[in-house]
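Under our numbering, residues 189 to 618 are what the sequence shown spells out, in order. Where is the CB? At the ideal position from N, CA and C, for every residue including glycine. In this text, all values refer to a predicted model and were calculated from it rather than measured experimentally.
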Amino acid sequence: TAAVLRWGRIEAVAAPVLYSAQNQSFPLMPQPVETVSPFADGQYSTGVDLPQRMGSRTQTRLDAGESTVRMRFGAIVMGASTASLGWGAAESFSTLFGSNAGGFPHLFVGFPGRGLLLKGIGRVGARYVLGELQQSAWSPVQGSESFVDAQQTGTRRVGSGLVVSFAPAFLPNLELGANRFYHSPYATGIFQRGSWSKPFEGIFKRSFVGRVGGAGDPGGDTDNQLASAFARWSFPERGVEATFELYREDHSWDWRDQAQEPENNGALSASIRAVTARSATQLSTLTFEYFDGDIKPIAQARGQGALYINFGVRQGHTQRGQLLGSPIGVGAIAGQRVAWERFTPRGALRFHLQRWRNRAIRSTLGEGFYLGATEPVPNSHDWIVDANVASTRYRGSKTISLESGVAYAGRWQLNTSRTNFYARASWIGF
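Here you go:
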């Protein structure tokens, strides 16, 4: 159930979420090293808060969900929210932020809607967020809530980020943008630590003068940076839209390092969407989307980290044990998606086919780095194919959604596989 309130400059959206999951048992991947929980991730158990299973009991939770309170002052909007962030150009494989984990409590300030129109120059969009990220009960980080040292970074994290975009006046259908987000340890006197200003600091590591990181990175810091640059170009007359996004973790040392190895610790995504039918009462679209997060060939000479993990802030890019980025997963290789959708005043119909490849191996030299020998991970899979159909119908102030599908997980040797049939139903009232 959701409710909307508007009063002068203030707008409030209340969309709490109550859910319950059976959380039945299944074979788990054995962990490479001993951890605080048997449910921890089977590949990067000490570098990400991504439990294979959320404990052994039924999971039930009530939280604020997609709720927001905002206030507008001229061209500026500010407020507080727990809603999901949707930064960048990707949809199903959102490199930085999507709907996979839901949102986290944060404050925000920026331009509303499509951004600020600068006559003769273009349209500028910007938003800054500052909030707190929560971990699950099965996180690799235990002990003190606040930062102690590089080995004990604390169970609480501060998240700060900035997204900017620009649509030039001479090409109004082209949007160029960049995102930057930091996971920082929480500490008493947090504003003295400067976590809130992280998105505005230098982009190269050589500017980190006087900082002290972990044992493997003495010239760095304990924070975890994620960033991406994206482009979206639409052609309304033709009914076509194309997107591209380049994602990076951590810093390049300088401009030379950036120019020589832009793919270091990175991923890319691209998509194209075309209108297949259009009338006064119907719109149909066909979408293709591609994601590549594979370890690049430079790993033969330079160790590469897997996506979304970090050994400074060891919860990784997560919120309550779920990935904030692409749902493909930590250490993912690639994903593809094709979808056909039809929209009418009465509702929507969607046919969807998705495939993604997981990384079913881990390094024998150290977690997260693919330089040298590797070993297979028991009870893991190499790829998943997911096909489903979904229907949404509007009945006055009510929305009813039904979805059913099948997911197949297999290994290249074809000696083990799993098939899962599923169905979902939801009801929303306004």
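Residue i in three-state terms, based on DSSP
i: F499; result: coil
i: S225; result: coil
i: A403; result: Note that A403 scores a pLDDT of 45, beneath 50, so its modelled location is shaky and nothing firm can be said.
i: H327; result: Sequence check: residue 327 is Ser here, not His. Correct three-state label for S327: coil.
i: I264; result: strand
i: W195; result: strand
i: S233; result: coil
i: R612; result: strand
i: F296; result: strand
i: I460; result: strand
i: R394; result: helix
i: S332; result: coil
i: S624; result: With the chain covering 189 to 618 only, the question about residue 624 has no answer from this structure.
i: S383; result: helix
i: I516; result: coil
Start-to-end residues for the beta strand (DSSP E) that takes in residue i
i: D445; result: No beta strand (DSSP E) holds D445; the alpha helix (DSSP H) holding it covers W443 to Q448.
i: T587; result: K586 to G598
i: Q524; result: A522 to T532
i: L577; result: Note on identity: in this sequence residue 577 is Val, with Leu being the wrong assignment. From DSSP, the beta strand (DSSP E) with V577 extends over W571 to R583.
i: R490; result: Per DSSP, R490 belongs to no beta strand (DSSP E) and is neither H nor E.
i: H540; result: G535 to R545
i: L305; result: L304 to L306
Chain C within 8 Å of residue i, Cβ atoms only
i: P515; result: Absent from the structure is chain C; it holds one protein chain and no more.
Sheet register partners of residue i (DSSP bridge)
i: G313; result: S353
i: R249; result: Y207
i: D337; result: Note: D337 sits in no beta bridge, so no partner.
i: P373; result: R345
i: N288; result: DSSP output for N288 lists no bridge partner at all.
i: G365; result: S353 and F418
i: F432; result: A419 and A458
i: S440; result: F392
i: S472; result: A465 and R530
i: D480; result: L456 and A522
i: Q507; result: Q510
i: M259; result: I198 and M266
i: S617; result: Correcting the residue identity first, residue 617 is Gly in this sequence and not Ser. K586, per the DSSP bridge assignment.
i: G274; result: In DSSP, G274 forms no bridge with anything.
i: Q413; result: Y370
i: G319; result: H294 and G347
Reference residue i, options the options, closest by Cα
i: Q510; options: W615, P387, G481 and Y496; result: Y496
i: I616; options: P204, S422 and Y478; result: P204
i: T283; options: V352, F369, F227 and G313; result: F369
i: A366; options: R534, L434 and Q231; result: L434
i: F299; options: E333, R249 and F354; result: F354
i: L414; options: F335, F285, D445 and Q507; result: F285
i: N498; options: S244, A263, S327 and V351; result: S327
i: G301; options: R311, R502 and A578; result: R311
i: A522; options: L537, L512, N546 and T532; result: N546
i: L321; options: R315, I309, S334 and A314; result: S334
i: I572; options: F531, W528, A613 and G517; result: G517
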